[in-house]
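Residue numbers (mature numbering (1 follows the signal peptide of the UniProt record, and there is no 0)): -19 to -1, 1 to 134. All C-beta atoms, glycine included, are put in the ideal place defined by N, C-alpha and C. Keep in mind that this is a model prediction, so the values were computed, not measured.
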């Protein structure tokens, strides 16, 4: 009985420890990988925006008006990317941003580890929120003097 209890404890304790441990670097960099793939696909003019939207963006309760808006937004990002060298873009995590930029962003309960900010020559090109292996938001907005927040679709 004692050996079985010891075996059971030795199996259960690592499980609970891993559940409470911080995410591995592979999991944390996944948001960067997803973001880079998304930006590369947006920069590919041969890839239709509706394909990028349907395969890489999470859209809940979609309708035609929302899809039209999202495609127009993606087109704007694509236009901005067309004048940039993709290999020179910088992908920064929330915690890598200067304090003056972070204080203007309200995470609104979102996991800041899943936020990726894409810069070109130290200018923000777009901000992404990654959920799983897809983009949950590519829209960071601020109304007036309010803090910026991600809009999910």
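TODO: Locate the alpha helix (DSSP H) running through residue 97, then write down its first and last residues.
DONE: Looking at the DSSP string, residue 97 is not in any alpha helix (DSSP H); the run it does join, the beta strand (DSSP E), is 96 to 101.
TODO: Give me whichever residues DSSP pairs with residue 147 in a beta bridge.
DONE: No answer is possible for residue 147: it lies beyond the span of the chain, which begins at -19 and ends at 134.
Open item on the list: Counting C-beta neighbours from all protein chains within 10 Å, is the total for residue 12 16 or more, i.e. buried, or is it exposed?
Closed with: buried
Task: Option in 91, 50, 116 with minimal Cα separation from residue 36 - done: 116
TODO: Identify whether residue 40 lies in helix, strand or coil by the three-state DSSP scheme.
DONE: coil
Task: Alpha carbon of residue 88 to alpha carbon of residue 76, nearest angstrom - done: 12 Å
TODO: May I ask you to verify whether the region 97 to 115 touches the region 62 to 79, counting CB pairs closer than 8 Å and requiring at least 3?
DONE: yes
Task: Inter-residue spacing [alpha-carbon to alpha-carbon] between residue 128 and residue 82 - done: 10 Å
TODO: Within 10 angstroms of the Cβ of residue 20, are there 16 or more other Cβ atoms? Answer buried if so, exposed if not.
DONE: buried
TODO: Could you give the DSSP three-state label for residue 84: helix, strand or coil?
DONE: coil
TODO: Inspect the beta-carbon positions of residue 110 and residue 47 and report whether they are closer than 8 Å.
DONE: no
TODO: Identify, in the order they occur along the chain, each residue of the same chain with its Cβ nearer than 7 Å to the Cβ of residue 55, setting aside the five sequence neighbours on each side.
DONE: 23, 30, 33, 34
Open item on the list: When you compare the CB positions of residue 131 and residue 91, do they come within less than 8 Å of one another, or not?
Closed with: yes
- [ ] Reducing DSSP to helix, strand and coil, say where residue 28 ends up.
- [x] coil
Task: Residue environment, residue 78, which counts as buried when at least 16 other CB atoms sit within 10 Å - done: buried
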